[in-house]
Amino acid sequence: MPLKLLAVGDIHLGRRPARLPHELAGDARALGPAGAWRRVVARAIAEGVDAVALAGDVVEREDDFYEAYRELRAGVEELAAAGIRVLGVAGNHDVHVLPRLADQLDDFDLVGRDGKWETRTLEAGGEQATLHGWSFREARVPTSPVAEHDFQRGPGANLGLLHCDLDQRGSPYAPVMANELRDTGLDAWLLGHIHVPHALSVTRPVGYLGSLTGLDPGEPGDHGPWLITFEGGRVQGIDPWVLAPLRWEPLKLDLAELDEAESARARLLEKLREHDRTLAGLAEAPRAVGLRLRVTGRTDLGTEATRLLENDLGQLLHEGETTGAHYFIEKVIAETRPEIPLHKLAERNDPPGLLAQRLLRLETPHSEEARQLIADGRKRLDQLRRESRWQALDPQPLEDDEVVDWLWRSGTRMLEDLLAQQGAGE
Ligand SMILES: [Mn+2]
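According to numbering that gives the first Met the number 0, the sequence shown is numbered sequentially starting from 0.
As structure tokens, then:
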């Protein structure tokens, strides 16, 4: 019988998902980290794992003590009652609150308290494994916790559980280089901190578990815990259990040759039916899916269709036939292009021609000409964002693709308007 450990990345209990449509807002807790944690507990028990390990940032903020306490206690008690051990290390978000929680919860074992490495022996059905763990002792740790430590192997396969900033020299969050981890001689390293999961596998057993659930639209795709199995003193399997109750999904909707703007919605539904079938293969299907919709294709109805889809923001669109998941649009990114070929227009020297030439440059965003255009666009956008009335929104720095998106949107709209004006004058 293999030994089964369920490894859980950053949970961030206490955080609520933002941008939920009105009808799901009352469900925010069940859709967020707390709901994801409950799914972990239920499935760990159903699948009969031997231990659950938490890689830090279990709690969002130091003052989320009570909510985290309720959720963590409920889960830990259920797991303990089923004979499942629960271990964890503290990260930079829960450096004080996680040890305090551990003091309250007899069945939660905090490993590596106060920045001192500790080991635990896991055991089941004659199989053993050794877990090495280290916990943050203060919110900022500018040195590598691995560098000065001499790792002594314990029984069975040996794995490290650590919250750290991988390959970010100079980071204040326990910077660790990949070669340092390799040099420890352990068989696997399960890491917390970065929310994008690595493609972990038996041949690539070192990396980030990823956040347990996508905490915002910037954390799209698969999220969940990982099942680590040990047999014959070795790591035998590393498998993701994608089970987050809320999933953020980038989706491309091609509107080429649209007959009327309204048909964009039918195309979207068609696409969602197809997409829903692919989600049926996950360990547990999401209850809600937030779409970042990228509308593409050459159509003169792009602007109108985009406005229609933008009107659908904040509404439930569809209940997946296969999974029952509720779909909603979180954001529409307009990338449709006018039906008139830009290349042909770009040969002209009138205003539409000049505009077409600039839009074409955006097709190769790394070219020198495009970079100049993006830099100019960013300057203009930053000026707007600095105006005092927007300050309360605390704007994040603009990504290149957001600038490109804005240029596309305004440029193609303007081009459509220019061409419409010319058409009217003829
Ligand atoms: Mn985190």
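All residues carry an ideal CB built from backbone N, CA and C; glycine is no exception. Computed from a predicted structure; not experimentally measured.
The beta carbons of Met-176 and Asp-166 sit closer together than 7 Å. Just measuring C-alpha positions, the residue of Ile-373, Ala-369, Leu-312, Leu-341 sitting nearest Glu-22 is Leu-312. Here Thr-228 has Pro-1, Lys-3, Gln-235, Gly-236 as same chain residues with Cβ atoms under 6 Å from its own Cβ, once five neighbours each way along the sequence are excluded. Bounds of the alpha helix (DSSP H) holding Gln-371 are 367–385. A Cβ closer than 7 Å to some heavy atom of ligand 1 marks a residue here, and those residues are Asp-9, His-11, Asp-56, Gly-90, His-92, Gly-191, His-192, His-194, Ser-210. Distance check between Arg-357 and each of Ser-409, Ile-328, Glu-401 places Ser-409 closest, using alpha-carbon atoms only. For Leu-308, there is no enclosing beta strand (DSSP E); the enclosing alpha helix (DSSP H) has its first and last residue at 301–310.
With respect to Trp-188, Leu-180 sits close: the two C-beta atoms are nearer than 7 Å.
The criterion of a C-beta distance shorter than 7 Å is not satisfied by Glu-70 and Val-40. Annotation: Glu-320 to Arg-272 spans about 7 Å, alpha carbon to alpha carbon. Annotation for Arg-28: the continuous alpha helix (DSSP H) segment containing it runs 27–30. Restricting attention to beta strand (DSSP E) runs no shorter than 3 residues, the segment 69–105 encloses them at 84–87, ordered along the chain.
Straight across, the Cα-Cα distance linking Gly-114 with Gly-8 is about 19 Å. The Cβ atoms of His-325 and Ala-279 do not sit closer than 7 Å to each other. Beta bridge pairing from DSSP links Trp-247 with Gly-289. When the beta-carbon positions are compared, Gly-13 and Asp-56 stay at least 7 Å from each other.
DSSP places Asp-166 outside both helix and strand once states are collapsed to three, so it counts as coil.
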